[in-house]
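S.K.:
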Amino acid sequence: MRTSMLRKCFCGMLLMVVVVQLNACGYPEVSPKTYEISKALYSVCNQKSEERLRAVKALIQSSLSNKEISVSEADMLNEIVAQAQADEWEEAMLESRNLMEDQAGR
Amino acid sequence: MNNLRFPEARRGFTLIELLVVIAIIATLIALLLPAVQQAREAARRSQCKNHLKQLGLALHNYHETHSAFPAGYFSYATSNGAGPAWANIDPDSWDAAPGWSWSAMLLPYLDQANVYNALNVNSACWDAGHAGIVQAKIPVFLCPTSSGGDEPFTLQDATGGSLVMGGSTVRFGRSHYVASHGQESCWGDCGSITTGTIFTDIYTKATTTVTINGDASRVADGPFFRNSRTKLRDITDGSTNTVFLGEHSSKLSDKTWVGVVPGAFTHPRFSTPENGPDAAATLTLVHAGPSGGELDITGFPIIHPTNFPTFHVGQMFSEHTGGGHVCMGDGSVRFVSENIDLLLWAELASIGEGEVIGEF
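Here the protein sequences line up with chains A and B, keeping their order. My numbering applies: residue 1315 is where the first sequence begins, and numbers increase by one. My numbering applies: residue 2 is where the second sequence begins, and numbers increase by one.
1. Which residues, in chain order, does the segment 81-105 of chain B contribute to contact with chain A at a C-beta distance below 9 Å?
2. Mind checking if Ile134(B) is an interface residue toward chain A, Cβ cutoff 9 Å exclusive?
3. Quick one, which of His182(B), Cys126(B) and Val244(B) has its alpha-carbon nearest Met106(B)'s?
4. Pull the bridge partners of Ile199(B) from the DSSP assignment, please.
5. Span of the alpha helix (DSSP H) holding Pro99(B)?
6. Between Lys54(B) and the rest of its own chain, which residues show a CB-CB distance below 6 Å, the 5 nearest in sequence each way excluded?
7. Rounded C-beta distance between Val135(B) and Val259(B)? I'm assuming under 8 Å.
8. Can you pull the chain B neighbours of Glu1409(A), defined as C-beta to C-beta under 9 Å?
9. Hey, could you find the ends of the alpha helix (DSSP H) Ala1396(A) is sitting in?
10. With distance defined between alpha-carbon atoms, name the residue in Glu1343(A), Arg1368(A), Met1390(A) and Ser1357(A) nearest to Asp305(B).
11. Can you pull the chain B residues whose beta carbon is under 7 Å from the beta carbon of Ser1357(A), in chain order?
12. Using a Cβ cut-off of 7 Å, pull out every chain A residue sitting near Thr307(B), in sequence order please.
13. Please name the residue, chosen from Pro310(B), Thr311(B) and Gly290(B), that lies closest to Phe301(B) on a Cα-to-Cα basis.
14. Suppose the cutoff is 6 Å on Cβ atoms and the five residues either side in sequence are ignored; what does the same chain contact list for Leu1367(A) look like?
15. According to DSSP, is Asp279(B) helix, strand or coil?
16. Assuming the contact rule is C-beta atoms closer than 8 Å, Leu345(B) and Phe361(B) should be a hit. Round their C-beta distance to whole Å, please.
17. By the criterion of Cβ-Cβ separation under 8 Å, what are the contact partners of Met1414(A) in chain B?
18. In three-state DSSP terms, what is Val181(B)?
19. Does the distance from the CB of Thr257(B) to the CB of Ser102(B) come in under 9 Å?
20. Would you list the residues sitting across from Arg172(B) in a DSSP beta bridge?
21. What is the C-beta distance between Glu1350(A) and Ile298(B), in whole angstroms, given that I count them as a contact (C-beta under 8 Å)?
22. Skipping 5 residues on each side, what residues in its chain have a beta carbon closer than 7 Å to that of Ser338(B)?
23. Between Thr283(B), Arg230(B) and Leu296(B), which has its C-alpha nearest Leu253(B)'s C-alpha?
24. If His249(B) and His326(B) are in contact, beta carbons under 8 Å, what's the gap, nearest whole angstrom?
25. How would you call Tyr204(B), buried or exposed, if buried means at least 16 neighbouring beta carbons within 10 angstroms?
26. Could you check what DSSP says for Gly315(B) in three-state terms: helix, strand or coil?
27. From the DSSP output, in three-state form, read off Cys144(B) for me.
28. Pick helix, strand or coil for His305(B), following the three-state DSSP scheme.
29. Classify Val1385(A): buried if its beta carbon has 16 or more other beta carbons within 10 angstroms, exposed otherwise.
30. Are the CB atoms of Tyr74(B) and Leu286(B) within a distance shorter than 9 Å?
31. Can you pull the chain B residues whose beta carbon is under 8 Å from the beta carbon of Ile1351(A), in chain order?
32. I'd like to know whether the C-beta atoms of His313(B) and Asp342(B) end up nearer to each other than 9 Å.
33. Between which two residues does the alpha helix (DSSP H) holding Val220(B) run?
34. Can you list the residues of chain B that Pro1346(A) reaches, using a CB-CB cut of under 7 Å?
35. Can you give me the Cβ contacts of Glu1405(A) inside the same chain, cut-off strictly under 8 Å, excluding the 5 residues immediately before and after it?
36. From the DSSP output, in three-state form, read off His321(B) for me.
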């Protein structure tokens, strides 16, 4: 009884460690187009430009339609766009920076 | 007589006791370590700031003596790419001997007169005659936070192989500080490519075409470039509002206090989707962007402040958390955020474009 409880506890902790590690992994490798868009997104958020944000949003859509970026990449970018649209410019800027930084050394 | 018996003294700790003590010590270390590391980094930051301050003062002392700031680097001046054999003119960039950089010229003003006197500044900086002394490790050019090393390095050619000059490889002493070329750059394009595009207004994105013919001043809008002779009076944007020097950690690429060698290339030590090798001038100079009329995918000028995540070898790069130090034209040293307003960073890079500089 006690052994099975300990085993469950151990498995639970192991799972937690794996989840924490996965979260800390950052952004995966992205396509050149996604990289370009994230660079533009950084400058959009840096300048807090709503007009250019709309342009970037449209660009993400068209790039997805043209299969230049994958669905998961579009999701990542749209998440940052949503942050910016919620007036969280700083956070969105940092996310775009993280996305670009995570491509270094690949 | 009563025979008193005392319990036998314990000879050691139980395993549980030891584990508890170890756990307590580990927790205390875990709590204290970040604080200790922070204190150490704060000390390193102060030292780095102090180094830039000394470089700023040395620049002004040089200006006092020579009525101008030192050139970004000294190169045989040619308007057609031709010259004597000793000049060793690079056919693409038109970089040539002697190549001594702004930082080598500051040596007498940094208590390094002995090093300066051992150099023959009338000959090429890669000359075998002073091959030993140009490898000197000079503390004022080194940021203690930089993790990429402070030992001399071997110069590389375009392919990443060792650069050979006069039959031997060239090794130079390292520097973690670079001078600003301004917004624009023309590293490899300031020679054989006779015309270039420059921004006349980063807000309207207006550009114009200029004739270069080896004259970097036609492109550069910052204080330091090939054969520059910038005076304080030229800095009409205000010396307080103009970035002169900044950091470039060896973690990204090799920079030197010695000079620029024709045919040398600076290679990034880690790759990004955008960075790659750049021409010899980036051994000692960087730029802020935008340059050459380049716009991003949405039509915004490409500007790269300190630590911009494209990690170009021609940009400033610091390992201090959150940004990097810059030395302004008035000799003051400031810590600038890596997330500084991009247009403001571009404005701070040029010496006389008439922009109104806001708070930073």
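All C-beta atoms in this analysis are idealised placements derived from N, C-alpha and C, irrespective of residue type, glycine included.
M.R.: According to the structure shown:
1. none
2. The count along the second sequence starts at 1 and reaches residue 134(B) at position 133. So, not an interface residue.
3. Counted from its first residue, the second sequence places residue 106(B) at position 105. Among His182(B), Cys126(B) and Val244(B), the Cα nearest to that of Met106(B) is on Cys126(B).
4. Residue 199(B) sits at position 198 when you count from the first residue of the second sequence. Looking at the DSSP assignment, Ile199(B) forms a beta bridge with Thr209(B).
5. Walking along the second sequence from the start, residue 99(B) turns up at place 98. Where Pro99(B) is concerned, there is no enclosing alpha helix (DSSP H), although the beta strand (DSSP E) it sits in stretches over Pro99 to Ser102.
6. Residue mapping note: residue 54(B) aligns to position 53 of the second sequence, counting from 1. These residues qualify, in order along the chain: Val334.
7. Here residue 135(B) corresponds to residue number 134 of the second sequence, with the count starting at 1. Here residue 259(B) corresponds to residue number 258 of the second sequence, with the count starting at 1. Indeed they touch by this definition, with Cβ atoms about 5 Å apart.
8. In the first sequence, counting from the first residue as 1, residue 1409(A) sits at position 95. Near Glu1409(A) there are no residues of chain B at all, since even the closest Cβ is about 12 Å away, more than 9 Å.
9. Looking up residue 1396(A) in the first sequence gives position 82. Per DSSP, Ala1396(A) belongs to the alpha helix (DSSP H) from Val1385 to Gln1399.
10. As a working mapping, residue 305(B) is identified with position 304 in the second sequence. The identity of residue 305(B) in the sequence shown is His, whereas the question assumes Asp. Among Glu1343(A), Arg1368(A), Met1390(A) and Ser1357(A), the Cα nearest to that of His305(B) is on Ser1357(A).
11. Residue 1357(A) sits at position 43 when you count from the first residue of the first sequence. Within chain B, the residues near Ser1357(A) are Asp297, Phe301 and Leu343.
12. Counted from its first residue, the second sequence places residue 307(B) at position 306. Simply none; closest approach about 13 Å.
13. Counting from 1 along the second sequence, the entry for residue 301(B) is found at position 300. Ranking the options by Cα distance to Phe301(B), first place goes to Gly290(B).
14. Taking the first residue of the first sequence as 1, we reach residue 1367(A) at position 53. Hits under 6 Å: Val1358 and Ala1398.
15. Sequence index remark: in the second sequence, residue 279(B) carries index 278 (1-based). Here Asp279(B) sits in strand by DSSP.
16. For the purposes of this step, residue 345(B) is identified with residue 344 of the second sequence, where counting begins at 1. For the purposes of this step, residue 361(B) is identified with residue 360 of the second sequence, where counting begins at 1. Indeed, because the Cβ distance is near 6 Å, the residues count as touching under 8 Å.
17. Locating residue 1414(A) in the first sequence gives position 100, counting from the first residue. The contacting residues are Thr273, Pro310 and Thr311.
18. Here the question's residue 181(B) lines up with position 180 in the second sequence. For clarity, residue 181(B) is Ser in the given sequence; the question names Val instead. Three-state DSSP puts Ser181(B) in a strand.
19. Counting from one through the second sequence, the residue named residue 257(B) turns up at place 256. Counting from one through the second sequence, the residue named residue 102(B) turns up at place 101. Contact: yes.
20. Here residue 172(B) corresponds to residue number 171 of the second sequence, with the count starting at 1. Per DSSP, Thr155(B).
21. Reading the first sequence from its first residue, position 36 is the one you call residue 1350(A). Reading the second sequence from its first residue, position 297 is the one you call residue 298(B). 5 Å between Cβ atoms; contact.
22. Residue numbering aside, residue 338(B) sits at position 337 when the second sequence is read from its first letter. So the list reads Gly323 and Gly324, once near-sequence residues are dropped.
23. If you number the second sequence from 1, residue 253(B) lands on position 252. Of the candidates Thr283(B), Arg230(B) and Leu296(B), the one whose C-alpha sits nearest the C-alpha of Leu253(B) is Thr283(B).
24. Stepping through the second sequence from its first residue, residue 249(B) is reached at position 248. Stepping through the second sequence from its first residue, residue 326(B) is reached at position 325. About 11 Å separates the two Cβ atoms, so there is no contact after all.
25. Translated into the one-based positions of the second sequence, residue 204(B) becomes position 203. With fewer than 16 Cβ atoms within 10 Å of its Cβ, Tyr204(B) is classed as exposed.
26. On the second sequence, position 314 is the one that residue 315(B) refers to. Gly315(B): coil per DSSP, three-state reduction.
27. If you number the second sequence from 1, residue 144(B) lands on position 143. Cys144(B) falls in the coil class under three-state DSSP.
28. Counted from its first residue, the second sequence places residue 305(B) at position 304. Here His305(B) sits in coil by DSSP.
29. In the first sequence, counting from the first residue as 1, residue 1385(A) sits at position 71. Per the 10 Å Cβ criterion, exposed.
30. In the second sequence, residue 286(B) corresponds to position 285, counting from 1. In the second sequence, residue 74(B) corresponds to position 73, counting from 1. Yes, the Cβ-Cβ distance between Leu286(B) and Tyr74(B) is below 9 Å.
31. The residue given as residue 1351(A) occupies position 37 in the first sequence. Ile298, listed in chain order.
32. Translated into positions along the second sequence, residue 313(B) becomes position 312. Translated into positions along the second sequence, residue 342(B) becomes position 341. No, they are not a contact pair.
33. Counted from its first residue, the second sequence places residue 220(B) at position 219. It is not in any alpha helix (DSSP H) - Val220(B) carries neither H nor E in the DSSP assignment.
34. In the first sequence, the residue the question calls residue 1346(A) occupies position 32. Those are Pro274, listed as they occur along chain B.
35. To locate residue 1405(A), count along the first sequence from 1; it is residue 91. So the qualifying residues of the chain are Gln1397.
36. Here residue 321(B) corresponds to residue number 320 of the second sequence, with the count starting at 1. If DSSP states are grouped into helix, strand and coil, His321(B) belongs with coil.
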